[in-house]
Structures are given as structure tokens and as C-alpha cells.
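Novice:
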Amino acid sequence: GQSLEQPSEVTAVEGAIVQINCTYQTSGFYGLSWYQQHDGGAPTFLSYNGLDGLEETGRFSSFLSRSDSYGYLLLQELQMKDSASYFCAVCRGKLIFGQGTELSVKP
Amino acid sequence: NAGVTQTPKFRILKIGQSMTLQCTQDMNHNYMYWYRQDPGMGLKLIYYSVGAGITDKGEVPNGYNVSRSTTEDFPLRLELAAPSQTSVYFCASSPAKNTGELFFGEGSRLTVL
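As they're listed, the protein sequences go chains V and G.
For the first sequence, position 15 (counting from the first letter as 1) is numbered 29 according to the numbering used here, and the numbering increases by one without interruption.
For the second sequence, position 26 (counting from the first letter as 1) is numbered 359 according to the numbering used here, and the numbering increases by one without interruption.
1. I'd like to confirm something about Ile348/G: is its beta-carbon nearer than 7 Å to some heavy atom of the ligand MN, or not?
2. Where Phe423/G and Arg73/V are concerned, what is the direct C-alpha to C-alpha distance, given to the nearest angstrom?
3. Determine, using beta carbons only, whether Lys430/G comes closer than 8 Å to chain V.
4. Just checking, does the stretch 101–116 of chain V make contact with the stretch 372–379 of chain G on the three C-beta pairs under 8 Å criterion?
5. Using a C-beta to C-beta distance shorter than 8 Å, which residues of chain V count as neighbours of Phe423/G?
6. How many Å lie between Ser441/G and Asp406/G at the Cα?
7. Does the Cβ-Cβ distance between Lys120/V and Tyr366/G come in under 8 Å?
8. Is the CB-CB distance between Met402/G and Ala429/G below 8 Å?
9. Could you check how far apart the C-beta atoms of Gln148/V and Gln113/V are, in whole angstroms? I think they sit under 8 Å.
And the structure:
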């Protein structure tokens with residue numbers, strides 16, 4: 015089977031950097047994805063790590079280490095609009111999602 | 334370009350009623366998925382399809398059925414609705430396997446009373 019663990023809540027201030035971790039227990043997968051979901055809205059794709067290492071997309075970066083069964087999403091220069099839920103998901107022909115981390119950005 | 338379209342957006346059902354959630358995509362994607370999301374929780378995969386005529390169970394398929402007669406459409410059928418099926422349902426599509434990127438519809442909010 016597979017399970018993913020993320021912190022349930024994270025709080026940070028505007029302009030800061032925040033890291034959302036994702037640890038997983040799964041037997042073989044193709045990569046790790048990250049999604050953002052604003053309250054009541056559809057999840058939107060942020061990034062995908064098919065290989066170990068760091069992927070950077072603007073203010074967002076994502077990291078994967080298969081040997082450590084660990085990944086993270088890094089958000090820089092936080093803005094109020096970044097307040098949302100963030101989900102990691104393992105890709106095994108289909109996406110299996112974690113429970114999500116609710117990020118609150120304070121002024 | 335409409336992307337993934339779900340109907341209805343909201344629905345209230347009585348226990349034991351049946352209904353179909355519609356999902357259509359205009360991106361010619363082979364892969365389509367149905368997820369449910371309970372309040373404050375992650376998305377749970379109900380069923381998925383890798384192409385017309387092919388469907389498979391996900392993590393929580395009980396109480397649901399799907400069909401995939403065309404590339405565009407992937408309806409989700411609820412038979413004998415139960416309060417436990419109160420949730421937000423998201424349909425998604427993907428152009429290929431293992432890209433990690435899904436395109437989601439806006440969701441269908443279902444309440445079973």
C-alpha cells in the first residue's frame with residue numbers, strides 16, 4: 015500500500031519562506047506531485063519531481079529524495095494569496111494524495 | 334477551451350436515491366479520474382480510466398459505478414445514496430500516464446440527507 019504524511023497546518027508571515035514536508039511509505043512510484051487548493055476550489059498543479067533533486071518554478075520549488083522517502087515544497091516570498099491547502103501525491107499510474115497541509119499566511 | 338466540465342455543481346439527494354455526476358473534457362485526454370474529498374481531508378480516488386472502454390477501481394470504489402464509452406465523457410453513478418457519500422466530487426483528466434499533472438474540474442458538491 016501507500017501512505018503519505020504531511021503536517022496538517024503551517025503558519026508563516028508574508029515575505030517569509032516556508033517548507034511543507036511530505037514523507038511516504040510506498041513500494042515503487044514514478045514521481046511526487048504537489049497541488050494547491052484554495053478553499054472550495056479545484057486543486058491546481060504546482061510541480062512534479064520525476065527524478066531526485068530540486069525543481070524550481072518561480073517562487074515555488076519542490077524536492078524529492080527517494081532514498082529518504084521524503085519530499086518537500088518550498089514557497090518563497092510568501093504572499094497572502096498563498097494561503098491555501100497544499101497536497102503531495104505519489105504517481106503510480108494514478109495519483110494518490112496525502113491529507114494536505116493548510117498554510118496560513120499572516121501579514 | 335473549457336477543459337474539464339462537471340455537472341451538476343450542487344445536488345441534494347435523499348437516502349436511497351440514485352444519480353449520475355457528469356464529467357466531460359475537451360482536451361482529448363486518455364486518462365480520466367474521479368476523486369472525492371471530505372471536509373478537511375485529502376482526495377480519495379474512486380475510479381479511473383486509461384481510455385475509452387477501460388475502467389478500474391481506485392481506493393474507495395464501493396457504492397459507485399463508472400463507464401467510459403467515449404474519450405470525452407466519464408460519468409460517475411451513485412446507486413442507493415447514503416449519508417457517507419456526502420462529499421465534494423472532483424473529476425480530472427491527464428494526457429498521459431505518470432506525468433504527475435492532472436487537470437481538475439470545479440467539483441460537484443453532493444449532500445445526502
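Don't be surprised by glycine CBs; every beta carbon is placed ideally from N, CA and C.
Predicted, not measured: the structure shown is a model, and the values here were computed from it.
Specialist: Short version:
1. Absence of the ligand MN is noted for the structure shown, with no ligands found whatsoever.
2. 27 Å
3. yes
4. yes
5. Ala56, Pro57
6. 15 Å
7. no
8. In the sequence under discussion, the amino acid at residue 402/G is Ser, which differs from the Met named in the question. Cβ distance not < 8 Å, so Ser402/G and Ala429/G don't count as in contact.
9. With chain V running from 15 to 121 in the structure shown, residue 148/V is simply not present.
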